[in-house]
Amino acid sequence: MAENIPVGSTTSGAIAVAAEAKSTVATRMSAPPSFDVADFPVPHGREEEWRFTPLERLRGLHDGTAVATGEGVKVTVEAPEGAVVETVGRDDARLGRAGTPVDRVAAQAYSSFEKASVVTVPKETVLSEPIRIAVHGQGGVAFGHQVIELGDFAEAVVVIDHTGDAVLAANVDYILGDGAKLTVVSVQDWDDQAVHAAQHNALVGRDASFKSVVVTFGGDLVRLHPRVTYTGPGGEAELIGLYFTDAGQHQEHRLFVDHNVPHCKSNVVYKGALQGDEAHAVWIGDVLIEARAEGTDTYEMNRNLVLTDGARVDSVPNLEIETGEIVGAGHASATGRFDDEQLFYLMARGIPEHEARRLVVRGFFAELVQQIGVEDIEERLIAKIEQELEASVA
Amino acid sequence: MATLEIRDLHVTVEADNATKEILKGVDLTVKQGETHAIMGPNGSGKSTLAYSLAGHPKYTVTGGTVTLDGEDVLAMSVDERARAGLFLAMQYPVEVPGVSVSNFLRTAATAVRGEAPKLRTWVKEVREAMERLHMDPSFAERNVNEGFSGGEKKRHEILQLELLKPRIAILDETDSGLDVDALRVVSEGVNRVRETGEVGTLLITHYTRILRYIKPDHVHVFAGGRIVESGGPELADKLENEGYEAYVKGGASA
Ligand SMILES: Nc1ncnc2c1ncn2[C@@H]1O[C@H](COP(=O)(O)OP(=O)(O)OP(=O)(O)O)[C@@H](O)[C@H]1O
Ligand SMILES: [Mg+2]
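Sequence order for the protein chains is A and B.
Take any residue in the first sequence, note its place counting from 1, add 621, and you have its number in this note's numbering.
Take any residue in the second sequence, note its place counting from 1, add 182, and you have its number in this note's numbering.
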């Protein structure tokens, strides 16, 4: 379902119905998941999971040459009463339970971090204010690990805000107890030079609901793996993403939802706007419905709006279904240009060109922005979009 | 009094790596308060004329002049032309996903009027204009032209005409694709604008049907990229009876 695809961009998708075969989602990776960086060969760039990524811009995160500097990033956690915030060492038993690193960079992060932050919202605690985690880059190299755990029926909103300049590789674990509700907003508002690679692992409990909002604006290279698995039936995951990819930026979002338990839901919507030479957005949406996951309901969508020539999108939705006993499964991907006819129509009504672009881009993101549910983030996002557009006209 | 003057206008398009001349010397003067019907067979260049006046980037003006009250229209950008008082109701209005009709109309009115219309009076103004065109209020919340039927798109064009109050309105086949009821509603809208006496109208059409509702002062026959005959309303009656055959044979050239 590609319409009016800009030159150089690709949209491909697959729905595979495999009764017994080993999941291709898993076998497409060049090595099985592991916490140990030594289990992953250094990528050369032709591997399925690396083929879109400019390795030379990872600044050594992929080949072991990136070494942590003391003042890499500064992490500040601001939490309302009721939440417990701790900084722990590598040996803490609560780390690494939500998922295993799936590529060499995530494994490198897991092998290299020194301190982790653990935020716990105890059972049945409902936080009135968001937990705010500021990750501010101070120009160095850093490896991070964060755990956010909600006990049964706990409810929380977490905002993780990435700013400044850094070369950062991290793993973030979200663990939701039964009936828990967690919204996490991860904002990548980095300076132009920053490199950020992270794996987000969500483990969604029985009847729990998880909402992930990923907002990527900044950085030279951002490569995120939001991943979801379930521990009991009735779990719901909503994965929302917005990105605005500018000239020279590489922004890659690689999602994976593993329907490993019956009667769970997932809904993925990622939207991106691109402008400028060598702006490159990559979106991979893998959804696996395992044989035992009867009653699954899943939908994933990626839409891209290409504002100028020279930008490139690679969008690959991939749905793999191992059981027919499901409620629904679908995917869609579309990459369109803000075309000259739309621009002409708006301008023929007296609307100046930059205003016309703004109208269209704001409209494109509006529906998603409204779903974030954290007011100051929504406002900041709108302001940021305006700012990006202003910069492009100037 | 606003006057649009088109003198010896030549326009080309790029098609299949070749430059093709479509307009071959168009001369026409439209004054505020007048209605000119331009009639011609398919492919004669009527839409090309309309788009060229509005400044569509696909069309290259290779000769001639267009002025509005002496101002060089061809030197203006598309939005400047609209703000100078030119309006084009398009034969095929464009869908703009993600932009609601109400947001679009308000942004356009703000641009054309030079200041944002007062919210309260504006809402009423839009609502009443929509009622007069028999448009359901729910259209305000829909995306511009997205999923509109052909007739709905045309009503939406005339809604903009009524709200933006141009000095020169170019209506490109506003009648095509309309059933009789819709044709009447749309024509009434055009007539309301004409009755103000503030607009000069260039009514482009293939059929004489719409001229029963909108009475032109002048009728021009367009063939082979130029005006080949001009006259009063009686010329339309002649076309009604005889068709374009006489003009196509003589006027068409590759
Ligand atoms: N953008 C374009 N690219 C290529 N050819 C074009 C373009 N626009 C117009 N033409 C050609 O120019 C000629 C005139 O087209 P135009 O649309 O102006 O005619 P028209 O009189 O409006 O016809 P109709 O009555 O069908 O609306 C046609 O041969 C058409 O194919
Ligand atoms: Mg036409």
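Built from N, CA and C at the ideal position, the CB exists for glycine as well.
No experiment lies behind these values; they were computed from the predicted model shown.
**Prompt:** Taking the C-alpha atoms as reference points, what is the distance between A:R667 and A:E677?
**Reply:** CA-to-CA, the gap between A:R667 and A:E677 works out to about 13 angstroms.
**Prompt:** Looking at A:P938 and A:G906, is the spacing between their C-beta atoms short of 7 angstroms?
**Reply:** The beta carbons of A:G906 and A:P938 sit closer together than 7 angstroms.
**Message:** Please state the DSSP three-state secondary structure of B:L360.
**Reply:** In the structure shown, B:L360 sits in coil (DSSP, three-state: anything other than H, G, I, E or B).
**Request:** Taking C-beta pairs closer than 7 angstroms, name the residues in chain A that B:R265 reaches, listed in chain order.
**Result:** Chain order gives the chain A residues near B:R265 as G971, where near means a beta carbon separation below 7 angstroms.
**Request:** Find the residues of chain A that neighbour B:G382, judging by a C-beta separation of less than 9 angstroms, and give them in chain order.
**Result:** Those do not exist, as B:G382 stays about 17 angstroms from chain A at its closest Cβ, beyond 9 angstroms.
**Item:** Test item: CB-CB of A:S936 and A:T956 under 7 angstroms
**Value:** With contacts defined as CB atoms closer than 7 angstroms, A:S936 and A:T956 qualify as a contacting pair.
**Item:** Alpha-carbon to alpha-carbon, A:D898 and B:E323
**Value:** Going from the Cα of B:E323 to the Cα of A:D898 covers about 35 angstroms.
**Asked** Is the CB of B:A236 under 7 angstroms away from at least one CB in chain A?
**Response** Yes, contact with chain A.
**Asked** If the cut is a Cβ gap below 7 angstroms, which residues of chain B does A:F764 touch?
**Response** For A:F764, there are no C-beta contacts with chain B under 7 angstroms, since the nearest C-beta of that chain is about 40 angstroms from it.
**Request:** Give the range of the beta strand (DSSP E) segment to which B:K240 is assigned.
**Result:** Going by DSSP, B:K240 is part of no beta strand (DSSP E) at all; its letter is neither H nor E.
**Under 8 angstroms by beta carbon: chain B residues contacting A:Y962** = The question names Tyr, but residue 962 of chain A in the sequence shown is Glu. Result: V276.
**Prompt:** Closest by CA to B:G245, which one among B:Q273, B:G222, B:K206, B:D261?
**Reply:** Taking only the C-alpha atoms, the option nearest B:G245 is B:K206.
**Message:** For ligand 2, is there any heavy atom lying closer than 6 angstroms to the beta carbon of B:K397?
**Reply:** Not under cutoff, so the answer is no.
**Asked** From the DSSP output, which residues share a beta bridge with A:N925?
**Response** According to DSSP, which records beta bridges pairwise, A:N925 is partnered with A:G893, A:T956.
**Asked** Would B:G237 be called buried (16 or more neighbouring beta carbons within 10 Å of its own) or exposed?
**Response** Buried.
**Item:** Where B:N199 meets chain A, residues with beta-carbon distance less than 9 angstroms
**Value:** Within chain A, no residue comes near B:N199; the closest Cβ sits about 18 angstroms away, beyond 9 angstroms.
**Item:** Among A:L842, A:H952, A:I942, A:T929, nearest to A:Y891 - alpha-carbon criterion
**Value:** It is A:H952 whose Cα lies nearest to the Cα of A:Y891.
**Request:** Please go through the same chain and pick out, in chain order, the residues whose beta-carbon is closer than 6 angstroms to the beta-carbon of A:G681, but skip the five residues on each side of it.
**Result:** Counting only Cβ-Cβ distances below 6 angstroms, and skipping sequence neighbours, we find A687.
**Asked** How should A:Q1008 be labelled, buried or exposed, when 16 other C-beta atoms within 10 angstroms of its C-beta is the threshold for buried?
**Response** Only exposed fits A:Q1008, as fewer than 16 other CB atoms lie within 10 angstroms of its CB.
**Asked** Since B:A167 and B:E339 are thought to touch, with beta carbons under 8 angstroms apart, how far apart are those beta carbons, to the nearest angstrom?
**Response** Outside the displayed span of chain B (183 to 436) sits residue 167 of chain B, for which this structure offers no information.
**Request:** Would you give the residue range spanned by the alpha helix (DSSP H) that B:W304 belongs to?
**Result:** From DSSP, the alpha helix (DSSP H) with B:W304 extends over 301-314.
**Asked** If contact means a Cβ-Cβ distance below 9 angstroms, which residues of the region 984-1015 of chain A contact chain D?
**Response** No chain D appears in this structure, whose protein chains are A and B.
**Asked** Can you find at least 3 beta carbon pairs, one from the region 853-863 of chain A and one from the region 819-828 of chain A, that sit closer than 8 angstroms?
**Response** Short answer: they touch.
**Request:** Report the neighbours of B:P239 on chain A: residues whose CB is nearer than 8 angstroms to its CB, in chain order.
**Result:** The contact set of B:P239 on chain A, defined by CB atoms closer than 8 angstroms, consists of D961, F965 in chain order.
**Request:** For A:Y864, count neighbouring Cβ atoms within 10 angstroms of its own Cβ and tell me buried if that reaches 16, exposed if not.
**Result:** Buried, because 16 or more other Cβ atoms sit within 10 Å of the Cβ of A:Y864.
**Message:** Just checking: is the beta-carbon of A:L980 within a distance shorter than 7 angstroms of some beta-carbon in chain B?
**Reply:** Yes, its Cβ sits closer than 7 angstroms to a Cβ of chain B.
**Message:** Looking at ligand 1, does it come within less than 6 angstroms of B:I204, judged from the CB to the closest heavy atom?
**Reply:** Indeed, a heavy atom of ligand 1 lies less than 6 angstroms from the Cβ.
**Buried/exposed call for B:V375, threshold 16 Cβ in 10 Å** = When all chains shown are included, B:V375 counts as buried.
**Message:** Closest to B:L417 by C-alpha separation, out of B:G267, B:A219, B:E203, would be which residue?
**Reply:** Its Cα nearest to that of B:L417, the residue B:A219 stands out among B:G267, B:A219, B:E203.
**Asked** Got a sec: is the Cβ-Cβ distance from B:A418 to anything in chain A below 7 angstroms?
**Response** Answer no: the Cβ-Cβ gap between B:A418 and chain A never drops below 7 angstroms.
**Asked** In three-state terms, what does DSSP make of A:I972?
**Response** A:I972: coil per DSSP, three-state reduction.
**Request:** Note down, in chain order, all residues in the region 652-670 of chain A with a beta-carbon under 8 angstroms from any beta-carbon belonging to chain B.
**Result:** Within the region 652-670 of chain A, no residue has its Cβ closer than 8 angstroms to any Cβ of chain B.
**Prompt:** Going by the C-beta, is B:S320 closer than 6 angstroms to any heavy atom of ligand 1?
**Reply:** The closest heavy atom of ligand 1 lies 6 angstroms or more from the beta carbon of B:S320.
**Prompt:** Got a sec, what are the start and stop residues for the beta strand (DSSP E) B:V410 sits in?
**Reply:** Per DSSP, B:V410 belongs to the beta strand (DSSP E) from 408-413.
**Buried versus exposed, by CB contacts within 10 Å (16 or more), B:K335** = It counts as buried.
**Request:** Using a Cβ-Cβ cut-off of less than 9 angstroms, give me the residues of the region 327-357 of chain B that come near chain A, in sequence order.
**Result:** Here the close residues are N327, Q342, L346.
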